[in-house]
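The structure appears right after this line, and notes come after that.
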């Protein structure tokens, strides 16, 4: 059984995570727009596009899963996945722009 201090500490951590999660959820439509804009463009160095779309769907599902209790390790994994997705999209956009300039 948790002490009152442990319970308060866990609730504080959950509030911080929920605030981050809500901020990410608000940003997902724009990230999805960027991912789908890459669908028919040539780019390299950011993996396969179908995997990027699959990761986007998985991240959105986790961000919207309010029935699930997230432990600290799951929170960290989700944060790493979101950051990685943003990096992959940025890398793919840069590469797609370079491919467009080369083929013009």
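Numbering (the working numbering), first residue to last: 428 to 531. Beta carbons: idealized from backbone N, C-alpha and C, even for Gly. Remember, it's a predicted structure, so these values are computed and weren't measured experimentally.
Nearest residue (CA-CA) to residue i, options the options
i	options	result
residue 480	519, 435, 430, 524	519
residue 456	527, 469, 501, 486	486
residue 482	510, 471, 497	510
residue 445	529, 522, 496, 528	496
residue 512	522, 531, 462	462
residue 500	493, 494, 508	508
residue 498	432, 431, 443	443
Buried or exposed (CB count within 10 angstroms, at least 16 for buried), residue i
i	result
residue 448	buried
residue 473	buried
residue 516	buried
Residue i to residue j span [Cα, whole Å]
i	j	result
residue 468	residue 450	29 Å
residue 478	residue 502	21 Å
residue 460	residue 466	10 Å
residue 452	residue 440	18 Å
residue 435	residue 525	51 Å
residue 504	residue 531	40 Å
residue 437	residue 454	26 Å
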